[in-house]
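Student: Input: one structure, supplied below.
Structure below.
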């Protein structure tokens, strides 16, 4: 997904479903949040046109339509789980036989089944010339949100820069799901809220955070907002994972985006990193129009209206003409992985397509892990935070530009890398070159937008 000339929000197209944070490309059907005749669903409602000048719906209008729909949900036998503040969305559990009734209600734009996804994994700073750019700035004054398996905030590599934490997780005994939030509730906020769990894949978020903003990372001065969105699942055979494992409900990811969009952070949130992906799409049009994409798009658009850029990994299934979602969305910056060899190559596992935005190192990346240690990991999950950190560093060094301009600078100045599998050439980020393309504010000239092919 090339994300420089993203479309403006489809505020009227509040169709449904939302992003699947993951690292292993997993089919949605395999992770349905279902038990017997009852199923968790995300209901997107039709709300009045936005009153805000940026085209977003006013909070009171969202609350009003949610309140209007609630009696109909109860009448259909649904149990309400959560309401979002920044989008006209309700998360409910309903009898499968009632889904058509809910979907056909005049206040409903769409209904999508909740789903589960798993984290996927399959000396990079000098390669991206971020060390040179750090002579001008180090990311101080901006924050990066790591929506993942949690972050070890006490890790020395992160330098005490975790400024906010939240957890959104699920208890559902029928599905074998147990919340990983402190205290066992469905959400938690404050210090320790996003602490990683003890399961084997729970160090993923700490590794990602270290790449983006660790002491030896791309933006070592940037602040970190840690958001834990995983639940403990008793049986994981459908995902070919050992049991128990940590998986993430789409509905919990939705709540995370809602919290990020409705919370004021100091320093302000600049970038959201999603080292995740589900499915593959062969075009931006198909991705944006899919049930999942159509729901995710407005959530990303809400953040984008606040000047926040969303970065996502392209996926690890080795596709040569498709990207995973949310990376394939037109308002997300997609990132594929390269090796650190000479000459550089696109990693064999990295999803690629003509509409990919950027490349970054993603093979053999050493970063922080839980418990104060370090580990080497590979995957597009590792490539994405290189870009998230680069965007934070550029905003710190050259404040005042529109958020799209920083992406454009990375695209226009990156080192061209040929993907020999499909002949596609994409830029591997060169942070120092991008910084050079952005003149200081007092003499700046805005860069032209780069059109999506």
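In our numbering, the protein residues as written are 4 to 456. Glycine residues also receive a C-beta, built at the ideal position from the N, C-alpha and C atoms.
Once DSSP output is grouped into helix, strand and coil, what is the label at residue 214?
Tutor: In this structure, residue 214 counts as helix in the three-state DSSP scheme.
Student: Which residue from 336, 325, 331 puts its Cα closest to that of residue 311?
Tutor: Nearest option by C-alpha distance: 336.
Student: Quick check: what's the CA-CA separation for residue 172 versus residue 317?
Tutor: Taking the straight line from one Cα to the other gives about 25 Å.
Student: In three-state DSSP terms, what is residue 60?
Tutor: Coil.
Student: Quick one: what does DSSP say residue 324 is sitting in, helix, strand or coil?
Tutor: Note: residue 324 maps to coil in three-state DSSP.
Student: For residue 440, which option in 400, 429, 425 has the closest C-alpha, if you only look at C-alpha atoms?
Tutor: If we check each option's Cα against that of residue 440, 400 comes out closest.
Student: Whose CA, out of 99, 44, 407, 165, lies closest to the CA of residue 197?
Tutor: Of 99, 44, 407, 165, the residue nearest in Cα terms is 165.
Student: Report the rounded CA-to-CA distance for residue 358 versus residue 80, giving the unit in angstroms.
Tutor: Going from the Cα of residue 358 to the Cα of residue 80 covers about 43 Å.
Student: Relative to the C-alpha of residue 346, which residue among 134, 180, 419, 427 is closest?
Tutor: Nearest option by C-alpha distance: 419.
Student: My assumption, with CB atoms under 8 Å, is that residue 167 sits in contact with residue 228. Please give the rounded CB distance.
Tutor: Residue 167 to residue 228, Cβ: 5 Å. Contact.
Student: For residue 113, write down the residues that DSSP places opposite it in a beta bridge.
Tutor: Per DSSP, 47.
Student: Pick out whichever of 90, 271, 85, 42 has its Cα sitting closest to the Cα of residue 49.
Tutor: The shortest Cα separation from residue 49 among 90, 271, 85, 42 belongs to 90.
Student: Excluding sequence positions up to five away, which residues of its chain have a Cβ less than 7 Å from the Cβ of residue 181?
Tutor: Taken in chain order, the residues that qualify are 174, 234, 235.
Student: When we look at the beta-carbon of residue 226 and count the other beta-carbons within 10 Å, is it buried (16 or more) or exposed?
Tutor: Buried, by the Cβ-count rule.
Student: When the Cα atoms are used, what is the spatial distance from residue 436 to residue 263?
Tutor: Their Cα atoms are separated by approximately 31 Å.
Student: What three-state label does DSSP hand residue 348 in the structure shown?
Tutor: Coil.
Student: Going by DSSP, what residue range makes up the alpha helix (DSSP H) through residue 300?
Tutor: Run containing residue 300: 294-308, per the alpha helix (DSSP H) assignment.
Student: Report the CB separation of residue 161 from residue 371 in whole angstroms; it is logged as a contact under 8 Å.
Tutor: 7 Å between Cβ atoms; contact.
Student: Nearest to residue 389 by alpha carbon, out of 134, 103, 47, 113?
Tutor: The shortest Cα separation from residue 389 among 134, 103, 47, 113 belongs to 134.
Student: Would you list the one or two residues that DSSP bridges to residue 170?
Tutor: Note: residue 170 sits in a beta bridge opposite 191, 231.
Student: In angstroms with no decimal places, state the Cα-to-Cα distance between residue 77 and residue 68.
Tutor: Those two C-alpha atoms are separated by around 15 Å.
Student: Do residue 98 and residue 176 count as a contact pair if the criterion is CB distance below 8 Å?
Tutor: Going by C-beta atoms, residue 176 is not nearer than 8 Å to residue 98.
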